[in-house]
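Engineer: Would you mind keeping the following structure in view while I ask a few things?
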Ligand code: SF4
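Structure below.
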């Protein structure tokens with residue numbers, strides 16, 4: 147069982163619930179213990195994370211999907227593990243530190259993954275910090291922090307030197323849109339400060355001789371249908387803040403799922419026109435490098451089956 151030496155009330159993320167997660171629940175409704183919903187090799191992350199060749203079923207990114215989330219995105223593709231309403235005993239695998247280490251080592255030694263990819267780790271930050279302080283030296287591949295960006299700088303500072311790769315999805319420029327679709331409050335202020343802290347810790351991406359990432363920051367951004375103007379503002383901010391060396395992975399994988407049907411304006415995929423518009427805008431900003439997903443990525447087949 148994990149025990150935390152951190153404050154007994156939870157102020158990990160910007161919601162600052164201030165509840166003792168042993169006895170009460172905050173907004174994320176997660177207890178003070180690690181719950182893992184799924185462990186798998188992931189072959190559909192960025193090429194420097196997943197690799198492009200599957201050899202004998204080995205390789206890929208070692209994805210560990212944590213149960214729950216501090217966000218409530220109405221279009222969440224992982225809603226079966228992020229929304230407490232869908233949690234069942236089968237997908238809430240409580241893990242001890244030893245068991246969690248075993249999961250990581252099994253991915254590395256048996257599945258030959260290129261990295262350990264913590265998916266939606268934010269509510270578990272303190273416990274993972276404690277775990278990594280104890281066991282990082284045994285994990286010989288990069289640790290990836292794959293989050294929604296709604297994080298506090300003071301929490302991220304505790305991960306300095308423990309996380310090798312930050313992979314935040316920097317979702318919204320407009321706080322109203324963030325509130326409407328994800329229930330985030332002041333999203334941009336928190337996410338922009340979080341991204342700056344991440345950059346301070348790891349810089350831009352560095353690759354090994356096989357073109358796999360060893361450390362660095364990749365800023366993801368998921369383009370929503372009908373909201374290309376917000377996406378442009380995010381791209382503009384990144385260019386202004388970091389210059390041409392910023393590394394962005396622009397994601398076009400949105401498809402309507404979960405509660406998106408309640409919001410007609412996002413109850414569809416990106417159109418070809420929108421995709422062309424945002425692709426051109428991204429290209430015109432002249433970043434030195436970066437990635438853009440093709441429209442075919444907007445398919446449930448690329449989402450793990452939870
Ligand atoms: S991690 Fe959960 S309980 Fe803690 S502050 Fe965030 S939403 Fe609240």
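In this note's numbering, the protein residues as written are 147 to 452. All C-beta atoms in this analysis are idealised placements derived from N, C-alpha and C, irrespective of residue type, glycine included.
#1: Whole angstroms is fine: what's the gap from residue 266's alpha carbon to residue 226's?
#2: Using 8 Å as the cut-off, can you tell me whether the region 203-214 makes contact with the region 310-326, which would need three or more C-beta pairs spanning the two stretches below that distance?
#3: Relative to the ligand SF4, is the shortest distance from any of its heavy atoms to the C-beta of residue 165 smaller than 7 Å?
#4: Using only the alpha-carbon positions, how far apart do residue 160 and residue 443 sit?
#5: Use the C-beta contact count for residue 376: other C-beta atoms within 10 angstroms, 16 or more gives buried, fewer gives exposed.
#6: Apart from the five residues on each side of it in sequence, which residues of its chain come closer than 7 Å, Cβ to Cβ, to residue 313?
#7: Apart from the five residues just before and just after residue 351, which ones in its own chain have a Cβ nearer than 8 Å to its Cβ?
#8: Label residue 272 either buried or exposed according to how many other C-beta atoms from any shown protein chain fall within 10 Å of its C-beta, with 16 as the threshold for buried.
#9: Measure the CB-CB distance between residue 212 and residue 183 and report whether it falls below 8 Å.
#10: Would the C-beta of residue 269 count as close to the ligand SF4, meaning under 7 Å from any of its heavy atoms?
#11: Taking all protein chains shown into account, decide if residue 286 is buried (16 or more other Cβ within 10 angstroms of its Cβ) or exposed.
#12: For residue 187, write down the residues that DSSP places opposite it in a beta bridge.
#13: Pull up the distance between the alpha-carbon of residue 167 and that of residue 181, whole angstroms please.
#14: Comparing the CB of residue 176 with every heavy atom of the ligand SF4, is any distance shorter than 7 Å?
#15: Quick check: residue 176 and residue 214, are their CB atoms within less than 8 Å of each other?
#16: How would you label residue 346, buried or exposed, when you count the other beta carbons within 10 angstroms and need 16 or more for buried?
#17: Would DSSP call residue 437 helix, strand or coil?
#18: Is there a Cβ of chain C sitting closer than 8 Å to that of residue 441, yes or no?
#19: For residue 219, which option in 419, 334, 405 has the closest C-alpha, if you only look at C-alpha atoms?
#20: What's the C-alpha gap between residue 369 and residue 223?
#21: Between the Cα of residue 446 and the Cα atoms of 437, 424, 425, 415, which residue gives the shortest distance?
#22: Leaving out the 5 sequence neighbours to the left and right, which residues in its chain are closer than 8 Å to residue 255 when beta-carbon positions are compared?
#23: With a cut-off of 8 Å, do at least 3 Cβ pairs link the region 274-288 to the region 237-250?
#24: Counting C-beta neighbours from all protein chains within 10 Å, is the total for residue 410 16 or more, i.e. buried, or is it exposed?
#25: Assign residue 443 to one of three DSSP states: helix, strand, or coil.
#26: So which of 332, 426, 431, 353 has the shortest CA-CA distance to residue 388?
#27: Residues bridged to residue 239 by DSSP?
#28: Beta-carbon separation of residue 217 and residue 294 under 8 Å?
Structural biologist: On the basis of the coordinates in this document:
#1: 13 Å
#2: no
#3: yes
#4: 31 Å
#5: buried
#6: 290, 291, 292, 364, 366
#7: 194, 311, 359, 361, 362, 363, 364, 393
#8: buried
#9: yes
#10: yes
#11: exposed
#12: 208
#13: 13 Å
#14: yes
#15: yes
#16: exposed
#17: strand
#18: This model lacks chain C altogether; it includes just one protein chain.
#19: 405
#20: 14 Å
#21: 415
#22: none
#23: yes
#24: exposed
#25: helix
#26: 431
#27: 182
#28: yes
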